[in-house]
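Using the numbering used here, read the sequence shown as starting at 1 and increasing by one per residue.
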Amino acid sequence: MSKEFKPTYLYVKTHNVTGLKYFGKTCKDPYVYRGSGIYWLRHLRQHGNDVSTEVIGLFEDRDECVRTALLFSETNNIVHAINESNKKIWANQIIENGLDGGVTRGWIRTPEYRERMSNYFKGRIVSESTRALMRQKRANQDMSHMRRPKTEEWKQRISESSKKRQPMSSETKQKMSDNRKGKSRSDETKRKISMSRQGFKHTEESLQKMRGIPCSDEKKQRLRELNIGKIISIEVKQKLKGYICVINIYGHKKRIPLTDFYSQLGDKTEWEWVAHNSHEGKHRKSNAVPVIDEQQMIDISRMRRG
C-alpha cells in the first residue's frame, strides 16, 4: 500500500426532502463532510442540508477502494439513472473511483483502470447546448493572469515540471495522428484564427527566443546525420508538389499552386501573394495590416479571453 493513500470512507448521502442521492469518498468524518459534487452542493444550497448518511465502508487499501467505488458506480448507474418522473436519482456527474479529489499524488493508474475509464467515455457526445455553455463560460473567464509577465523563478518551476512529464509513446502519437487524419478546419474556424492573430506582434525578446540559440557545428552535423536516409512518404510529396506557401499584406498565409503564383503580373514586391519566407514575405509578416470591423474586434477580444 502506498504511503500517499489515506484511509478513505465511501458513503451515500440521501436528501431527506427531495430524495436525491450522492455517492462520494472522503478521508474526513463522512457524517460531517457535506460532499464535493457541484450538482450536489448546488442542490444543498437550494433545498438545505437535511441529509442522511450511509457509510459503505472504510478502506485502507487503494485498489480495494477503487474496485468498490467503480463497482458501486456502475451497478447503480450513478451518472445516468433517472426515476419515474424522468429526474436524476444521483447527483453524481462522473463515476466515483474513490480517489479523485483526495490525496493521490504519485499514484500511477494501472492499465486496467485506464481501460475502464476509456470505455466509459467512449462514444459520449457533448450536446450543442452544453458546448454553447462551455464557450460562454470561457468567453467570460478572466485570463489576464496568463498574459502577465512571468518571473524567472516561475519560468524555472514550469521548466522543471515539464521535464518530469513522461514522453508520449509511439502508440499514443500514432493514435493522435490517426485521429487528425482526414480532418480539416472549416473556413469559419480559419477566419477566426486569422482574425485573432491580426495586428499581433511578438516582442524582440520573444523573436530572439523563437530563433533560438545558433547551432554549433557539432549540432549541425548531428542534424545532417539524422536526416540522412529519411524518406518522405508519397502522400506527403503529393501534398507538397506544385504548391508554395505565400502571404499577403494582411498577414494571411496559405498554399497556392505554383502556376497561380507565377501568373501574377508587375513588380514582385507589389504582388498580392509573395513567398512567405522571402524578404518581402517576412516584411509583410512583421507589418501586417489588420482589416477588421467593430464586430470582429469584439470576436477577437472574446477569443483572446477564452
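We put the beta carbon where it would ideally sit given N, CA and C, even for glycine.
Quiz item: Cα separation between Cys245 and Lys254?
Solution: 6 angstroms
Practice problem: Determine the extent of the alpha helix (DSSP H) in which Arg148 is found, giving its start and end residues. | Solution: No alpha helix (DSSP H) holds Arg148; DSSP gives it neither H nor E.
Quiz item: Mind checking Glu96: buried by the 16 CB within 10 Å criterion, or exposed?
Solution: buried
Self-check item: Same chain, Cβ closer than 6 angstroms to Thr18, five either side skipped, listed in chain order
Solution: His47
Practice problem: Spatial neighbours of Ile193 within its chain, please: CB distance less than 8 angstroms, with the 5 preceding and 5 following residues excluded, ordered by chain position. | Solution: Arg185
Self-check item: Phe200 (DSSP reduced to helix, strand or coil)
Solution: coil
Exercise. Just confirm the distance between the C-beta atoms of Trp40 and Ala91, as a whole number of angstroms; I'd bet it's less than 8 angstroms.
Key: 4 angstroms
Quiz item: What number of angstroms, rounded off, separates the C-alpha of Asn49 from the C-alpha of Ser159?
Solution: 45 angstroms
Quiz item: What does a CB cutoff of less than 6 angstroms around Glu54 pick up in its chain, not counting 5 residues either side in sequence?
Solution: Val12
Self-check item: Where the beta strand (DSSP E) through Arg255 begins and ends
Solution: 253-257
Exercise. Indicate whether Ala69 and Gly98 have their beta-carbon atoms separated by less than 7 angstroms.
Key: yes
Practice problem: Can you give me the start and stop residues for the beta strand (DSSP E) that Val66 sits inside? | Solution: Premise fails: Val66 lies in the alpha helix (DSSP H), 62-76, not in any beta strand (DSSP E).
Quiz prompt | Ranges of the beta strand (DSSP E) found wholly within the region 215-257, counting only runs of at least 3 | solution = 243-247, 253-257
Quiz item: Is there a Cβ from chain C that is less than 7 angstroms from the Cβ of Arg131?
Solution: Protein chain content of the structure displayed is limited to a single chain, and chain C is not contained in it.
Quiz item: When the Cα atoms are used, what is the spatial distance from Ser52 to Lys137?
Solution: 34 angstroms
Quiz prompt | Environment of Thr279 [buried if 16+ CB atoms lie within 10 Å] | solution = The residue you asked about is not Thr; residue 279 is His in the sequence shown. Exposed, since its Cβ has fewer than 16 Cβ neighbours within 10 Å.
Exercise. Look at the alpha carbon of His276 and the alpha carbon of Gly212, and state the distance between them as a whole number of angstroms.
Key: 20 angstroms
Self-check item: Three-state secondary structure (DSSP) of Ile82
Solution: strand
Practice problem: List the DSSP bridge partners of Trp90. | Solution: Lys21
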